[in-house]
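In our numbering, the protein residues as written are 140 to 586.
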Amino acid sequence: MCARIAAAVLAATLLTTPVRSAAQSVPHALQSALRALQGVPPCPKVPAPQVGARIEAVSVETSGVVDADVVRRYLSLRKGSLLVQAAVNRDYDNLVKLGGFRPRLLIKDDTLSHAVTLHWIVRAEWFEPVVHPLYAQEPLWPIPGVGLAVRSAPIDDRGTNFSGYAVSNGLASLARLLLTTPLHVSAGDGRESDFIASVSGAQGVYRESEPVVTNVYSWTAGAQALYLARSTNGMQFELALGKLRTTGAEPTGIVAPSLYSTYHAPGLNTLLEAGLSRACAGAATQQLYPPYCYVQYRFEVVDGIGWLGATNEYQIYVLDVAGYVAVGPSTLALHVAEARSGGVLSDSFLVCGAARAYPKPFCGTDAQTLTAEYRVDDQLPRRVELVLFTETAASRVRGGDQPWALPTYQWHAGSGIGVVYRGMVRLDLAYGSQGARLWFGFKGATF
């Protein structure tokens, strides 16, 4: 759903924890945020003499907003299991990628039984900054960017919790409140399925209206019920049913039979949605080069059905794929994204393509983005990395006949050079038909 919220479906080429107490001090909260930015500890290595040893006991120590009974749902190694590195890796991935925890593992020899004991130390922050990589997000909520997240302590043994986050990428801003219930956790297979009930709100700037040059802001608000299945290998599948309300701050200036104006009256829609995505295992650590990563993708289908007082009906189809090719110690990254729509789309809910050389995305009923990046000598992590890129974005309006809303794709190309510092902070200088432009962002939010 958020693919269109604030008109950021294809704008990803630009980027891309429970509340404990109101009395918690600000310095403590800042310390929590700093810990979150440092990332999770590395996966523990099993010493050679302990490989194959029988496990006598597994204990769990927790801090922050997590419960030991919830942690045990993600552990496949139990009393009587044999200690092998692959099983430790599996449980570590379960805790980090599925549970969202920060684990450490202590392995101790039990001299009396000639076995070993495992002691997991697991922490979950109630508050932490977030960097949302595009493909690692839920497939129906791909607004890449940076922001803040909060999460409550679990309210039952399944790990049900309340959470919320706010994220922005300069083009779109999104806030969500969620109630998440883990339905099933398969620790041995690294899979989890969840039921999620959420409410959301977003704001975006999706075009410069013509013939009057001005920014057109859009707002959306909605409620959703979702089923999310995900695994530690980066695969995610999501189904959703929801209600959406969209409005525009001012008229877009576009008149076409494929659009419903939300300036005088809001657009109301009931949405059925399905999404599938795959993120590379190295997406969180920015290891986006072979053999760590060959391809990432996201597919989404949205059907705005005419139920429950809907003002208009439409369909949206999204395809987004990124591929990575090794060129010696460097990487050639290729990205293609396309969004097509049918029916009558709300004009505050358009699909968009974006390029770094232009301050606003290009929006319509259909949009495309093509990008190629040459990431110089990025095989090993470096403090400073150099990136060369070229890209183009286009949109069109079905049935449109105005100069600023033509029925054919209008392309906007740009090229430039970028610098990435410590794999996270990125500064690009892009040049297009409107001149040069500096763009600042977080690499963790890009493809």
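Backbone N, C-alpha and C define an ideal beta-carbon position, used for all residues, glycine too.
Looking at the unbroken alpha helix (DSSP H) that takes in residue i, where does it start and where does it end?
i, result
"residue 227", "224 to 232"
"residue 210", "207 to 211"
Quick one: using the 10 Å Cβ neighbour count with 16 as the cut-off for buried, is residue i buried or exposed?
i, result
"residue 434", "exposed"
"residue 578", "buried"
"residue 329", "buried"
"residue 571", "buried"
"residue 324", "buried"
"residue 218", "exposed"
"residue 564", "exposed"
"residue 587", "Shown here, the chain extends from 140 to 586; a query on residue 587 therefore has no answer."
"residue 333", "buried"
"residue 245", "exposed"
"residue 264", "buried"
"residue 389", "exposed"
"residue 285", "buried"
"residue 300", "buried"
"residue 410", "buried"
"residue 403", "exposed"
"residue 259", "buried"
"residue 586", "buried"
"residue 540", "exposed"
"residue 252", "exposed"
"residue 542", "exposed"
"residue 283", "buried"
"residue 575", "exposed"
"residue 322", "exposed"
"residue 519", "exposed"
Just checking residue i against the ligand SAM - is the residue's beta carbon closer than 7 Å to any of the ligand's heavy atoms?
i, result
"residue 485", "As far as ligands go, the structure on display features none, and thus does not contain the ligand SAM."
Can you tell me where the beta strand (DSSP E) holding residue i begins and where it ends?
i, result
"residue 249", "241 to 249"
"residue 315", "311 to 325"
"residue 451", "No beta strand (DSSP E) holds residue 451; DSSP gives it neither H nor E."
"residue 198", "194 to 203"
"residue 570", "564 to 571"
"residue 307", "300 to 307"
"residue 575", "574 to 581"
"residue 379", "374 to 387"
"residue 260", "254 to 263"
"residue 290", "284 to 290"
"residue 550", "549 to 560"
Just checking my contact of residue i with residue j at CB under 8 Å: how many whole Å lie between their CB atoms?
i, j, result
"residue 448", "residue 407", "6 Å"
"residue 508", "residue 493", "7 Å"
"residue 512", "residue 526", "6 Å"
"residue 369", "residue 237", "7 Å"
"residue 314", "residue 305", "4 Å"
"residue 400", "residue 483", "Contact doesn't hold; Cβ gap of about 10 Å is too wide."
"residue 416", "residue 455", "16 Å between Cβ atoms; not a contact."
"residue 505", "residue 465", "Not quite, the Cβ-Cβ distance comes to about 33 Å (not below 8 Å), so this is no contact."
"residue 452", "residue 414", "That pair is no contact at about 20 Å."
"residue 234", "residue 193", "Residue 234 to residue 193, Cβ: 22 Å. No contact."
"residue 327", "residue 215", "5 Å"
For residue i, tell me which candidate among the options has the shortest Cα-Cα distance.
i, options, result
"residue 339", "575, 364 and 217", "364"
"residue 185", "263, 505 and 247", "247"
"residue 211", "183, 518 and 240", "240"
"residue 581", "403, 436, 444 and 566", "566"
"residue 342", "292, 531, 387 and 233", "387"
"residue 298", "230, 213 and 283", "213"
"residue 499", "573, 431 and 465", "573"
"residue 552", "506, 495, 539 and 541", "495"
"residue 529", "471, 560 and 290", "471"
"residue 203", "290, 303, 268 and 249", "290"
"residue 457", "491, 194, 354 and 575", "491"
"residue 503", "549, 310, 318 and 413", "549"
"residue 545", "393, 476, 277 and 436", "393"
"residue 555", "192, 568 and 381", "568"
"residue 224", "519, 295 and 183", "183"
"residue 515", "250, 488 and 467", "467"
"residue 371", "379, 419, 557 and 517", "419"
"residue 444", "381, 473, 459 and 486", "381"
"residue 436", "450, 254 and 275", "275"
"residue 362", "385, 337, 379 and 375", "337"
"residue 373", "366, 331 and 384", "331"
Which runs of the beta strand (DSSP E) fall wholly inside the segment 400 to 441 and span at least 3 residues, in chain order?
-> The qualifying runs are 406 to 417.
Those runs of the beta strand (DSSP E) which lie wholly inside the segment 475 to 534 and span at least 3 residues = Assignment of beta strand (DSSP E) within the segment 475 to 534, counting only whole runs of 3 or more residues, yields 490 to 492, 501 to 503 and 505 to 515 in chain order.
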